[in-house]
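**Student:**
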């Protein structure tokens, strides 16, 4: 694996365990005491209610494939070990199985989503976020229109997709106004694509 | 509220036009003749893996814009995708909170839109509203049309075809969204399959994730494919002729991932495509040549039966 890919893996794919082991001792200045509050701010429930039973890891389909342990991430959230949690949760498939099996009704999937909110605000943004968001502000759709697909649509008698209507410009404009109003363009760095 | 409005989302029109054709055909004049129309101003739901994951405010604004369009038409949204269902349905729940609704409407005013919900009745001077209804295609088929009606319209029963049904996560979970089917023992797609004359085969870990959701496919495709491989092994072990799903993103994942780990692959289709086949459509209209896994042998088997 190329170095760059390794770096991506460390930042975005379950680098938690490895880093924790490498650091051995965690100094106090790494702790962010209000971290659970930050998680709550972005819609996660109180991570302090976690019982550390491990059901979430047990039912997580991702944990079968890579070193990704939901319970460990929640534990780090409890301690305020922000540094170890932010790059690790982009592999969550949001299948919500952990939510269904959580006896503390914590909804770990929503905690992962809150962690993504925090990560993005710290500049940890996987490339696909920008790609998809750019598609949405340019075409109104998350998937890029495709000439081959247009041909098949014609053959089936379906006509072009709505995003190719001349009137769809007003829809794109509306989307850009909304994205700009919530400052999302600035947040993820797609200002150049938003023209309002 | 009367009738529905199509919400095809992004994947179907841009990647699987055959699914769009099938849904229009099954719900249209040739099929169940629903009171349903298009709205060409809809945009991305928006996709939960990106917008709901990174900024809930933006997600809610973009989702509300779509909901307002349906509200102004006084129609129920008929989604054909689990992701669209999850995103839009969750948004209607957020908008039940007057604080969220106020915040959203202050911004929507900039584009001349306002979410109120659909007016149902007036009590004195007070108008009462109900949230815009967001329905899944499968659920509309099951509840509004019914399995008996589907069976009655099956002119070309798919005898001898073994189907592995894949529901997809956001059809089932979080459970409060999926209250229309049993999240632990869902039956609706299986019953549609049986109504089409095919056999739904059980397989291990049927309710597991395809691997694509939450941005995993876009982010680390190998990881998504590894999960799909597990599923496909179980499906192959059950001897299924094809995979049928209610979600175009799961369909895309099964269809694309299989070329990475198997030569032949198991054909995959949306439940609407299966229905259209059972109702006697010419398969050429279902766009199977856009699929990566060839459906030729499956179609031959269907014609032979």
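Residue numbers (our numbering), protein chains in the order written: chain A, 11 to 206; chain B, 1351 to 1655.
Even for Gly, the Cβ is constructed at its ideal location relative to N, Cα and C.
Name, in chain order, the residues that DSSP records as bridge partners for residue 1429(B).
**Tutor:** In DSSP, residue 1429(B) forms a bridge with 1357(B), 1486(B).
**Student:** Cα separation between residue 1654(B) and residue 1626(B)?
**Tutor:** Approximately 17 angstroms between the Cα atoms of the pair.
**Student:** Can we count residue 1642(B) as close to the ligand SAH, meaning its CB is less than 8 angstroms from some heavy atom?
**Tutor:** Within the structure as shown, the ligand SAH is missing, as the structure has no ligands at all.
**Student:** For residue 1402(B), go through chain A and note every residue whose CB falls closer than 9 angstroms to its CB, in chain order.
**Tutor:** Within chain A, the residues near residue 1402(B) are 104, 123.
**Student:** Establish whether the CB of residue 1392(B) and some CB of chain A are separated by less than 9 angstroms.
**Tutor:** Closer than 9 angstroms: yes.
**Student:** Answer yes or no: does any C-beta atom of chain B fall closer than 9 angstroms to that of residue 65(A)?
**Tutor:** Taking Cβ atoms only, chain B never reaches closer than 9 angstroms to residue 65(A), which makes this a no.
**Student:** Taking only runs that begin and end inside the stretch 141 to 181 of chain A, name each unbroken beta strand (DSSP E) of 3 or more residues, in chain order.
**Tutor:** None, since the stretch 141 to 181 of chain A contains no complete beta strand (DSSP E) of that length.
**Student:** Please list the terminal residues of the continuous beta strand (DSSP E) segment that includes residue 1479(B).
**Tutor:** Residues 1476 to 1480.
**Student:** So for residue 196(A), helix, strand or coil by DSSP?
**Tutor:** Residue 196(A): helix per DSSP, three-state reduction.
**Student:** Quick one: using the 10 Å Cβ neighbour count with 16 as the cut-off for buried, is residue 192(A) buried or exposed?
**Tutor:** Its Cβ being crowded by 16 or more others within 10 Å, residue 192(A) is buried.
**Student:** What is the rounded straight-line gap between the Cα of residue 1420(B) and the Cα of residue 1427(B)?
**Tutor:** The alpha-carbon atoms of residue 1420(B) and residue 1427(B) are separated by roughly 7 angstroms.
**Student:** Just how far apart, CA to CA, sit residue 186(A) and residue 120(A)?
**Tutor:** Going by the C-alpha atoms only, they are around 27 angstroms apart.
**Student:** Are there three or more Cβ pairs, one per stretch, closer than 8 angstroms when the stretch 1568 to 1586 of chain B is compared with the stretch 1522 to 1532 of chain B?
**Tutor:** Touching, no, given that fewer than three Cβ pairs across the two stretches are closer than 8 angstroms.
**Student:** Could you spell out where the alpha helix (DSSP H) holding residue 86(A) opens and where it closes?
**Tutor:** Looking at the DSSP string, the run of the alpha helix (DSSP H) that includes residue 86(A) is 80 to 89.
**Student:** State buried or exposed for residue 80(A), treating a residue as buried only when at least 16 other CB atoms are found within 10 Å of its CB.
**Tutor:** Classification for residue 80(A): buried.
**Student:** Which residues, in order along the stretch 1472 to 1499 of chain B, keep a beta-carbon less than 7 angstroms from a beta-carbon of chain A?
**Tutor:** The residues in question: there are none.
**Student:** Does any CB atom of chain A fall closer than 9 angstroms to the CB of residue 1364(B)?
**Tutor:** Yes, residue 1364(B) counts as interfacial toward chain A.
**Student:** State the DSSP-derived secondary structure class of residue 1550(B), mapped to helix, strand or coil.
**Tutor:** Residue 1550(B) falls in the strand class under three-state DSSP.
**Student:** How many angstroms separate the CA atom of residue 183(A) from the CA atom of residue 206(A)?
**Tutor:** Computed Cα separation, rounded: 8 angstroms.
**Student:** Just to confirm, is the Cβ distance from residue 1520(B) to residue 1436(B) under 9 angstroms?
**Tutor:** Closer than 9 angstroms, so yes.
**Student:** Pull the bridge partners of residue 127(A) from the DSSP assignment, please.
**Tutor:** Bridge partners of residue 127(A): none, in fact.
**Student:** Within 9 angstroms (strictly less), CB to CB, does residue 75(A) reach chain B?
**Tutor:** Chain B contact via Cβ: present.
**Student:** Counting only the same chain and skipping the five closest in sequence on each side, list residues whose C-beta sits under 8 angstroms from that of residue 1353(B).
**Tutor:** Answer for residue 1353(B): 1384, 1385, 1386, 1387, 1425, 1426, listed in chain order.
**Student:** Determine, for residue 59(A), whether the minimum Cβ-Cβ distance to residues of chain B falls below 9 angstroms.
**Tutor:** Answer no: the Cβ-Cβ gap between residue 59(A) and chain B never drops below 9 angstroms.
**Student:** Check whether the Cβ atoms of residue 125(A) and residue 55(A) sit closer than 9 angstroms, and answer yes or no.
**Tutor:** No, the Cβ-Cβ distance between residue 125(A) and residue 55(A) is not below 9 angstroms.
**Student:** Considering only C-alpha positions, which residue in the set 1502(B), 1565(B), 1367(B) is nearest to residue 1544(B)?
**Tutor:** Answer by Cα proximity: 1502(B).
**Student:** Within 9 angstroms of any Cβ in chain B, is that where the Cβ of residue 201(A) sits?
**Tutor:** Cβ-Cβ to chain B under 9 angstroms: no for residue 201(A).
**Student:** Residues of chain D with CB under 8 angstroms from residue 1576(B), in chain order?
**Tutor:** Reference to chain D is not applicable here, since the protein chains of this structure are A and B.
**Student:** Between residue 1414(B) and the rest of its own chain, which residues show a CB-CB distance below 7 angstroms, the 5 nearest in sequence each way excluded?
**Tutor:** Same-chain partners within the cutoff: 1441, 1445, 1454, 1458, 1465.
**Student:** Thinking C-alpha only, which one of 140(A), 136(A), 102(A) is nearest residue 122(A)?
**Tutor:** Of 140(A), 136(A), 102(A), the residue nearest in Cα terms is 102(A).
**Student:** Should residue 63(A) be labelled buried (16 or more other beta-carbon atoms within 10 Å of its own) or exposed?
**Tutor:** Classification for residue 63(A): exposed.
**Student:** Going along the chain, which residues of its own chain have a beta-carbon closer than 8 angstroms to the beta-carbon of residue 1393(B), five neighbours each way excluded?
**Tutor:** For residue 1393(B), where only same-chain residues beyond five positions count, the Cβ hits under 8 angstroms are 1412, 1415, 1416.
**Student:** Taking three-plus beta-carbon pairs below 8 angstroms as touching, is the stretch 1394 to 1408 of chain B in contact with the stretch 1476 to 1493 of chain B?
**Tutor:** No, they do not touch.
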